[in-house]
Structures are given as structure tokens and as C-alpha cells.
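Asks: Protein chains in written order, with the working numbering: chain S, -14 to 443; chain F, 1468 to 1803.
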Amino acid sequence: MDAVTLARLQFGITTVYHFFFVPLTLGLPILVAIMETVYVRTGNEVYKRITKFWGKLLVINFAVGVVTGIVLEFQFGMNWSEYARFMGDIFGVPLATEALSSFFLESTFLGVWIFGWNKLPKGLHAATMWLVALGSNLSGLWILIANSFMQQPVGYALVGGRAQLTDFGALITNPNIVTQYPHVLTSGIVTAAFFIMGISAYHLLKKSYDREAFWKSFRIGAITAIIGSVLVILVGHAQTQHIAQSQPMKMAALEALVQSEDPASFSLFSIVRQDGSDVSELVAIRIPAVLSLLTYNRFSGEVRGIEDIQAEYAGRFGRDNYVPPVMLSYFTFRIMVGAGFLLVLLALVAVILVWRRKVERVPLFLKMLIPAIGLPYIANTAGWLLTEMGRQPWIVYGLQKTKDAISPTVTPGMLVFSLLFFTSVYGGLMVADIYLLIRFAKWGTAEQEQVEQAALTY
Amino acid sequence: MDLNTLWFILIGVLFAGFFFLEGFDYGVGMLLPFLGKDDRVRRVLINTVGPHWDGNEVWLITAGGALFAAFPHWYATMFSGFYMVFVLVLLALIVRGVAFEFRSKLESARWRNLWDWVLFTGSLLPSLLPVALFNLLRGVPIDAKMTYQGSLVTLLNLPALVWGLAGVLGFLFHGAIFLSLKTAEEVAAQARATARELWVPTLVVLLVALIASALTTDVATRWPTALFLLPLLAVVALGISGLSLQKSRFGIAFVTVGITILLVVSSLFFGLYPRVMVSSLNSDWSLTIYTASSSAYTLRIMSYIALALVPVVLLYQAWSYWVFRQRLVRESPLEY
Chain S
-14 MDAVTLARLQ FGITTVYHFF FVPLTLGLPI LVAIMETVYV RTGNEVYKRI TKFWGKLLVI
46 NFAVGVVTGI VLEFQFGMNW SEYARFMGDI FGVPLATEAL SSFFLESTFL GVWIFGWNKL
106 PKGLHAATMW LVALGSNLSG LWILIANSFM QQPVGYALVG GRAQLTDFGA LITNPNIVTQ
166 YPHVLTSGIV TAAFFIMGIS AYHLLKKSYD REAFWKSFRI GAITAIIGSV LVILVGHAQT
226 QHIAQSQPMK MAALEALVQS EDPASFSLFS IVRQDGSDVS ELVAIRIPAV LSLLTYNRFS
286 GEVRGIEDIQ AEYAGRFGRD NYVPPVMLSY FTFRIMVGAG FLLVLLALVA VILVWRRKVE
346 RVPLFLKMLI PAIGLPYIAN TAGWLLTEMG RQPWIVYGLQ KTKDAISPTV TPGMLVFSLL
406 FFTSVYGGLM VADIYLLIRF AKWGTAEQEQ VEQAALTY
Chain F
1468 MDLNTLWFIL IGVLFAGFFF LEGFDYGVGM LLPFLGKDDR VRRVLINTVG PHWDGNEVWL
1528 ITAGGALFAA FPHWYATMFS GFYMVFVLVL LALIVRGVAF EFRSKLESAR WRNLWDWVLF
1588 TGSLLPSLLP VALFNLLRGV PIDAKMTYQG SLVTLLNLPA LVWGLAGVLG FLFHGAIFLS
1648 LKTAEEVAAQ ARATARELWV PTLVVLLVAL IASALTTDVA TRWPTALFLL PLLAVVALGI
1708 SGLSLQKSRF GIAFVTVGIT ILLVVSSLFF GLYPRVMVSS LNSDWSLTIY TASSSAYTLR
1768 IMSYIALALV PVVLLYQAWS YWVFRQRLVR ESPLEY
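#1: By how many angstroms is the C-alpha of Pro248 (chain S) removed from the C-alpha of Ser314 (chain S)?
#2: Taking just the CA atoms, how far does Phe254 (chain S) sit from Gln438 (chain S)?
#3: Could you name the residues of chain F that Ile55 (chain S) contacts, counting a contact when the two beta carbons are closer than 7 Å?
#4: Would Leu57 (chain S) and His3 (chain S) be called neighbours here (beta carbons separated by less than 8 Å)?
#5: Hey, could you find the ends of the beta strand (DSSP E) Gln149 (chain S) is sitting in?
#6: Applying a beta-carbon distance threshold of less than 7 Å, which residues of chain F neighbour Ala417 (chain S)?
#7: Straight-line CA distance for Gly1503 (chain F) to Ala1658 (chain F)?
#8: Distance check for Met1497 (chain F) and Gln136 (chain S), CA to CA, integer angstroms please.
#9: Less than 8 Å between CB atoms is the rule here; does Phe89 (chain S) satisfy it with respect to chain F?
#10: Do you know how far the Cα of Phe326 (chain S) is from the Cα of Val215 (chain S)?
#11: So, with DSSP's three-state summary, where would you put Met490 (chain S)?
#12: Shortest alpha-carbon distance to His227 (chain S) belongs to which of S:Gly96, S:Glu345, S:Leu404, S:Val163?
#13: Tell me the residue span of the alpha helix (DSSP H) that contains Leu1763 (chain F).
#14: What residues in the segment 1505 to 1530 of chain F have a beta carbon less than 7 Å from any beta carbon of chain S?
#15: If we count the other Cβ atoms within 10 Å of its Cβ and call it buried at 16 or more, is Glu1653 (chain F) buried or exposed?
#16: Which runs of the alpha helix (DSSP H) fall wholly inside the segment 111 to 171 of chain S and span at least 4 residues, in chain order?
#17: Should Asn103 (chain S) go down as buried or exposed, given a rule of 16 or more other Cβ atoms within 10 Å for buried?
#18: Which residues, in order along the segment 1758 to 1788 of chain F, keep a beta-carbon less than 8 Å from a beta-carbon of chain S?
#19: Going by DSSP, what residues sit across from Ala1720 (chain F) in a beta bridge?
#20: Taking the straight line between their C-alpha atoms, what separation do you get for Ser1708 (chain F) and Leu1795 (chain F)?
#21: If the criterion is Cβ atoms closer than 8 Å, does the pair Thr1765 (chain F) and Asp293 (chain S) meet it?
#22: Which of helix, strand or coil does DSSP assign to Trp451 (chain S)?
#23: To the nearest angstrom, how far is the alpha carbon of Val1790 (chain F) from that of Phe302 (chain S)?
#24: So the candidates are F:Leu1604, F:Val1667, F:Ile1609, F:Met1613; which of them puts its Cα closest to the Cα of Ala1633 (chain F)?
#25: Give me, in chain order, the residues of the same chain whose beta-carbon lies closer than 7 Å to that of Thr(-1) (chain S); leave out the 5 immediate sequence neighbours on both sides.
#26: Answer with yes or no whether the minimum CB distance from His1540 (chain F) to chain S is below 8 Å.
#27: Would you please verify whether the beta carbon of Phe1535 (chain F) is less than 8 Å from any beta carbon of chain S?
#28: Strictly under 8 Å for the Cβ-Cβ distance: is Gly1548 (chain F) near chain S by that measure?
#29: Between Ser193 (chain S) and Ala1537 (chain F), what straight-line distance do the alpha-carbon atoms span, to the nearest angstrom?
#30: Any idea what DSSP makes of Phe1538 (chain F), helix, strand or coil?
#31: Does chain F have any CB closer than 8 Å to the CB of Val410 (chain S)?
#32: Here's the rule I'm using: 16 or more other beta-carbon atoms within 10 Å means buried, otherwise exposed. How should Phe1501 (chain F) be labelled?
#33: With distances taken from CA atoms, which of F:Thr1621, F:Ser1680, F:Gly1606, F:Phe1717 is nearest Met1551 (chain F)?
#34: Does the distance from the C-beta atom of Pro8 (chain S) to that of Met114 (chain S) stay below 8 Å?
#35: Report the CB separation of Tyr68 (chain S) from Gln385 (chain S) in whole angstroms; it is logged as a contact under 8 Å.
#36: What do you reckon, are the CB atoms on Thr1650 (chain F) and Thr1755 (chain F) nearer than 8 Å?
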């Protein structure tokens, strides 16, 4: 494998791995903060127990999220030094701001929250969890501002072969962030909601000692799940409409649309053969005009196909392959959307059962909710693969190609070494983390308190 | 003062803050297997830094982010050039951070022992960062295109290795003094004894490292005599720290170690200025705060952001130390 492929593989692995932990740290702190706030306002001890229970799982998850994030931050310089030189003026700004505004906030106050139960007044203690939630979600905002520039460069000028920032206001109000951030935020909330529902379902099924705690948790999870899963689809739809404008090639790839069409048909099922920029349809079952409807909210309007855009880009940017992996874009999009609709359905049933207080009378549904914890994770991962792979061959859309971004001094040997090193450590940690999460999730609140009374923190 | 210089100073401050805060943090991690005779004591030791390690580490992350924003070429050349160094540091930081959260989650002695040694190794490796940083000043092969042409071995020269030793000893010393302040009774007594033992070796190695640096870099020809006061005062501060230990004035000992770290980092940055990475191939190829920097506009934006946020961060981090100011002992209710 060449250096570019290895560096991309490494970036892919470290990013997907990192983002396995991130969505939960976006959503769960908000829900834990709500639980603790209810405890503070009502004095109801059940809410204290569930705050601690979910808080513990949050902490286990948080640690891995933080430490894998550091790798990403350094990797831009280590593996992608030419990207760092080209983009430092722009990319470094949100990245440094993220560290200053969010990393300090979340890590400092999570530390205070974990150790501060008997050191702070109740209200102040709950406030620290709100600050953790604020920190992690601000962090998401800044890094997505950085990513948005890679999707849709704004507020810059090319000076001496480098992109220079000319308008900070434009950078942080990038049209891309307007839909991307709400999409990521709501998917984090959905991830947390199904995490809570799934684990609560396990305990309700097992008839754990502390039924009230898990019933209350389940209710919080169900309400959050229905709001979140509907929102995530609505903003996702708006985001796709935006991509049709800002990145037509990504749009064409995720719809496997080879020829431009007006009105454009929506693909029910497609298989294409791709050889570089040469794409041909093997199987295509399409519904007429529906893609135009989805894109423009009316039954007409041109959606451009891969061939047209490839020809245009070859003229604009020079001869090269401008077609991303089509099948990968196509299927990751459908996996994400399919999982999203399934989540709405599950959330709807859950809310109805909660409303009618019949949750425990349908054990089959509770059983389904346990593996459903994984659905948001699948959707999150598929979504990011689409976002990043669908942008290829660009690292910064229209400005820098991925193959030009790599560190010239880093050899394939070094990349293989670091790749193996990181991957094996990540693998080991993943196993340990999931083991611990499952173990603590299976323990009820009562077992957890016993362990805590007997044990110190670390 | 121009913004390039301001950001050069800010990066220096971030590194100094990182070495000051993570210094005792790493020190505690390295002392853990030796001072922690049983599980209870080990947990007391870990709990002294438990609420803080993550916030402390953010100083390094912020230094990295600030480098990227203010001096992208410095960031690009250093991180891609010192590749293997950062692979090792990253791995250390990953496993170290996880060790804090995973360690106590199972009762098994083997599980805990494993993570204790992970904590030790994860603290030791980043303590060796001074090896890489000294090379910024000593000079490394950087070509006309700002590309590093050396390897890992290039960095492992004798004076750099002495700096590595100074880092490890210094952080052990710093960590032991921190423990003297954060614990009481037998744990504190042991930490104090360790600090007293570490004092002289730390001082000697620091002195050797400073002299070796003066002899192997170009500071001797570049510096006005007055600047040599910086490293001299660093040695004096460390001396005062050791003497305060003998008199059981641990607060003063802690503060003076902090001053030592600040003075050593300032010496490095004064030695570099206005360069950020010295090229050993051609002095014209050295990266400077002007050739490596972002545009004036970006620097101005970043200055506003830093000006607004840094004071707030300092306030709440200080507050978090105040919340956990109580000393820990074996019997402390170290509740979750």
C-alpha cells in the first residue's frame, strides 16, 4: 500500500474509533444533567441514583473519547503536514478555540463532578454536569466548523499557495454548519436516548431490584428518543438538500446517479461498476421524479449525474478522477437513513407503551431494544464515512486533494508501524471498555452503591 | 511587540503550564508503584491527581492547537518530523488516561496492578518530551522546504538525553513535593522522604543539562550576558526548593519548583527567539516566528479569542484545585 492509502486508513480507523465514543458524550451529559437537576429540585432519591448510575457509564465512555481525540489533533501534523501548512491559517483557529473553550471546560468540570459529590452544594454539583454538557457540545460545534470548511470553503483567499482566512464571521457561519451541527447534535441525543432505553429495558426485563430507577430512566429515554429521532431526520433531510447544492458530486454518488436527470429519479436499489472515474449502471430500480422532489420539494428540477460533474471538474481542475467511491457512498447513505427510520419507529412504540404504562407487558419489545443500542452507532459511523469518503478525492473541497496533503517525510514503514500500534491499542481498549460498560450496565443501582461504599474512586 | 512574538510567548506559557501541571501529575504516576505499598495507599496517591489530570493534560492539547493556529509550519514540521516521538507520547497518553478510569472498576488485584504499571509507563514516556524540545534549539536537519530530513536517532544526542533524564527526575521531585502537600500522615512522610532523596540528583542533572546546552547550542554567541541569569536563577530556585524541604516548608518547595520549570522553559524560548526550530543544515532554513506563522489576520482573531477565554480557564481551573484542597490520608472517605 502506498503512503496516502496508509495515512487515510489510519485516519479512518482513528476517527471512526473516536466517533464511536463521541456521540454518547454529546447526548448523555445533557440527560444526566437533567436527572440531577430533577433530583436537586425535588429531592427525590431515585433521581440521585439514576444520576450516579448513568454518570458512571458516562465516565467510562468519556475517558476513551478524550484520549482518542488527542490522537486526531496531533495526526493533522504527523500524517498530513502539507494539509496543516495549506490550512493552518484556517483550520487551526477553530481547533485551538475548541481546546480553549471546550476541552478545559469539560475535563475540569467532569473531574469536579466525579469527585465533588460531598464537597459541593447540590445545586452547584448539578451545574458542573451542565458545564460538562456545554463543553462537549461546544467542542462538537468548533470541530464541525473546522470540518465544514473542508466540505465547503468560505471566508478565505488563496495567497502564495495557502488558504488564508479573510473572514472569521464567514468561517463560523458557514452554510454547511447550519445543518451539519444540528444533525450531529441530535444524533448524539438519539444515541444517548437509545443507550438509556436499551439498558433500562434489560433491567426491567431482569426485574432488577430498583425497578423505579429504571422505569424513570426508560421514560426519560423514550421521550428523548422520539424528539431526537424525528429531529435528526428532519435536519438530515435539510442537510442532504444543502449537499445537493454545495457538493453535487457527493449527492450524485450517494444516489448512484450516473446521468443528469430532470426530473430526477430516486434509486430504490442500484449497483454500479466503477473503474476510476468510469461509472456504469449494472442494476437500477428507480422511482421517477422522487429525487427532484426530495431535493427541491417539487416534481421537477435537474439533479446532476456523475458523468456531467466529472467532465466539468476535469475541465476546471485538470484531468483527474473526481468520482468518490460510489457504492460506498450509496450504501452508507441508505444504511444511515434506514437505521434512522427504524429508530423513529422504535421510539414511537416506546413512547406509546410509556404513555399507556404497558412497557413491561411487552417483553419482546424490551428485548428488541437491547440490540437497538447499536443502531445509532451504525448510523453515526455510516454518516461519517459518507461525509468524508463522499468528498474524495478532495481533502478540502475544490482546494486541496487528499494525495497532496500527506507528510512528505513520513515513510510507509513508519505509517505501518504507527497504524499497527494504534490499532492494536485501540482494539485492546475497545474490548476493555465494552466489557466494563456491559458489566456496569448489568449491575443495578444497588450493586453499584455497594461497590462504591466498599471502594474508593480509583 | 508584534503578534508573532505575542503568540510565541503564549506557546511558551502553554508549555510551561503543561510542564508545571502535568509535571507533578506524571511524577505521581511514576511514583505510584514505589510509594503505593498497598491498594489503599495507591488509591490515595491516584486520588490526589484524580480530579485534575484531565484538565492538566488539556494544556498540552491546547499548546498543540495553538501551534497549529498560530504557527502552522512549526506544527507541520515538528509533528511530521518528530514522528516516532509523538507516536510514543500519544500511546502513552491514551493508555494513561484510560488507566485512571478503568483501574478501580474491577476488584481483581491483577487488573489493578496492570493499570498501575500502565500509569507508570504512561507517565514516564511523556516525561521524556524535553529530549525532543531541546532539539528544537540544538538544531535538526531541516531543508529549504521546511521539511525534516532526520530520523528518531537524530534526536537522541547526549545533551538531549540528559534533558530527558532531567525531565524524569524533575517530575518525580515535583510529584513527591505535590504529594507532601496533598496527603498527610504516613503517605506524606514517605513522599517527603522521597522528595528529599531526589533533590540533589535532580539539581545535579539540571546543572549538567544546562551547561551542556550552553556548550552545544548557539546561545553563547547570541545571548547578552544578562540572559544567562535565567538558567542561573532556575538552578537557584531548585536549590531553594531543596533547602525548604529540609526545613519542612513544602509550600515554598512547591512554588520554587514551579519557578524552576518556568525559568527553564523561558530559557529554551529565549534561546530560540525569533526562531522556532533551528536548522542544522543552513541557518537561513530555520523556521522563525515570521516564516512559520499564520497570517496577521488569523493571529489577530486568535489573540481576541485567547484574551477572552484564557482568564476564564485559569479561574475555574484554580477553583477546581481549591475545591479539592483537603489533604488525603489512608482513612479519607474518597467517595465517588
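Ideal placement from N, C-alpha and C gives every residue a C-beta, glycine not left out.
Replies: Taking the structure as given:
#1: Against the first sequence, residue 314 (chain S) aligns to sequence position 329. Against the first sequence, residue 248 (chain S) aligns to sequence position 263. Those two C-alpha atoms are separated by around 22 Å.
#2: Within the first sequence, residue 438 (chain S) is the residue found at index 453, counting from 1. Within the first sequence, residue 254 (chain S) is the residue found at index 269, counting from 1. Unreliable placement is indicated for Gln438 (chain S), whose pLDDT of 46 sits below 50; the coordinate value is still reported in the next sentence. For Gln438 (chain S) and Phe254 (chain S), the distance between alpha carbons rounds to 57 Å.
#3: Taking the first residue of the first sequence as position 1, residue 55 (chain S) is located at position 70. The answer, in chain order, is Ile1528, Leu1557, Leu1560.
#4: Numbered from its first residue, the first sequence carries residue 57 (chain S) at position 72. Numbered from its first residue, the first sequence carries residue 3 (chain S) at position 18. Going by C-beta atoms, Leu57 (chain S) is nearer than 8 Å to His3 (chain S).
#5: Counting from 1 along the first sequence, the entry for residue 149 (chain S) is found at position 164. Note, Gln149 (chain S): beta strand (DSSP E), 147 to 150.
#6: Reading the first sequence from its first residue, position 432 is the one you call residue 417 (chain S). Those are Phe1569, listed as they occur along chain F.
#7: By one-based count along the second sequence, residue 1503 (chain F) stands at place 36. By one-based count along the second sequence, residue 1658 (chain F) stands at place 191. Spanning the two alpha carbons is a distance of roughly 10 Å.
#8: Taking the first residue of the first sequence as 1, we reach residue 136 (chain S) at position 151. Taking the first residue of the second sequence as 1, we reach residue 1497 (chain F) at position 30. If you take the alpha carbons of Gln136 (chain S) and Met1497 (chain F), they lie about 44 Å apart.
#9: Residue 89 (chain S) sits at position 104 when you count from the first residue of the first sequence. Output row for Phe89 (chain S): interface = yes.
#10: For the purposes of this step, residue 215 (chain S) is identified with residue 230 of the first sequence, where counting begins at 1. For the purposes of this step, residue 326 (chain S) is identified with residue 341 of the first sequence, where counting begins at 1. Approximately 9 Å, taken between the alpha carbons.
#11: Residue 490 (chain S) lies beyond the stretch modelled for chain S, which goes from -14 to 443, so this question has no answer here.
#12: Translated into positions along the first sequence, residue 227 (chain S) becomes position 242. Ranking S:Gly96, S:Glu345, S:Leu404, S:Val163 by Cα distance to His227 (chain S) puts S:Val163 first.
#13: One-based indexing of the second sequence puts residue 1763 (chain F) at position 296. Looking at the sequence shown, residue 1763 (chain F) is not Leu but Ala. 1763 to 1790 is the extent of the alpha helix (DSSP H) around Ala1763 (chain F).
#14: Arg1510, Ile1513, Asn1514, Gly1517, Pro1518, His1519, Asp1521, Gly1522, Val1525, Ile1528, Thr1529
#15: Counting from 1 along the second sequence, the entry for residue 1653 (chain F) is found at position 186. Under this definition Glu1653 (chain F) is an exposed residue.
#16: 153 to 157
#17: By one-based count along the first sequence, residue 103 (chain S) stands at place 118. That one is exposed.
#18: Ser1761, Ser1762, Tyr1764, Thr1765, Ile1768, Met1769, Ile1772, Ala1773, Leu1776, Val1777, Val1780, Tyr1783, Gln1784, Ser1787
#19: By 1-based counting over the second sequence, the position of residue 1720 (chain F) is 253. Paired residues: none, contrary to the question.
#20: Here residue 1708 (chain F) corresponds to residue number 241 of the second sequence, with the count starting at 1. Here residue 1795 (chain F) corresponds to residue number 328 of the second sequence, with the count starting at 1. Rounded to whole angstroms, Ser1708 (chain F) to Leu1795 (chain F) spans 23 Å at the Cα level.
#21: Your numbering for residue 1765 (chain F) matches position 298 in the second sequence. Your numbering for residue 293 (chain S) matches position 308 in the first sequence. Taking 8 Å as the Cβ cut-off, Thr1765 (chain F) and Asp293 (chain S) do not qualify as a contacting pair.
#22: Because chain S spans -14 through 443 in this model, residue 451 (chain S) falls outside it and cannot be assessed.
#23: Counting from one through the second sequence, the residue named residue 1790 (chain F) turns up at place 323. Counting from one through the first sequence, the residue named residue 302 (chain S) turns up at place 317. Spanning the two alpha carbons is a distance of roughly 58 Å.
#24: As a first step, residue 1633 (chain F) must be located in the second sequence, where it is residue number 166. Minimum Cα distance to Ala1633 (chain F) is reached at F:Val1667.
#25: If you number the first sequence from 1, residue -1 (chain S) lands on position 14. Correct list, in chain order: Thr53, Val56, Leu57, Gln60, Phe407.
#26: Stepping through the second sequence from its first residue, residue 1540 (chain F) is reached at position 73. Judged by the 8 Å Cβ criterion, His1540 (chain F) is in contact with chain S.
#27: Here residue 1535 (chain F) corresponds to residue number 68 of the second sequence, with the count starting at 1. Yes - at least one Cβ of chain S is within 8 Å of the one on Phe1535 (chain F).
#28: Within the second sequence, numbered from 1, the residue matching residue 1548 (chain F) stands at position 81. Chain S contact via Cβ: present.
#29: Counted from its first residue, the first sequence places residue 193 (chain S) at position 208. Counted from its first residue, the second sequence places residue 1537 (chain F) at position 70. Answer to the nearest angstrom: the Cα atoms are 55 Å apart.
#30: Counted from its first residue, the second sequence places residue 1538 (chain F) at position 71. Residue state, collapsed to three classes: coil.
#31: The residue labelled residue 410 (chain S) in the question sits at position 425 within the first sequence. It does: the Cβ of Val410 (chain S) has a partner Cβ on chain F nearer than 8 Å.
#32: Here residue 1501 (chain F) corresponds to residue number 34 of the second sequence, with the count starting at 1. Looking at its Cβ environment, which holds fewer than 16 other Cβ atoms inside 10 Å, Phe1501 (chain F) is exposed.
#33: Within the second sequence, the letter at position 84 stands for residue 1551 (chain F). The residue with the shortest Cα to Cα distance from Met1551 (chain F) is F:Thr1621.
#34: As a working note, residue 8 (chain S) is residue 23 in the first sequence. As a working note, residue 114 (chain S) is residue 129 in the first sequence. It is not a contact, given that the beta carbons lie outside the stated cut-off.
#35: In the first sequence, the residue the question calls residue 68 (chain S) occupies position 83. In the first sequence, the residue the question calls residue 385 (chain S) occupies position 400. Yes, Tyr68 (chain S) and Gln385 (chain S) are in contact; Cβ-Cβ is about 7 Å, under 8 Å.
#36: Working through the second sequence from its first residue, we reach residue 1650 (chain F) at position 183. Working through the second sequence from its first residue, we reach residue 1755 (chain F) at position 288. Not a contact, by the Cβ cut-off of 8 Å.
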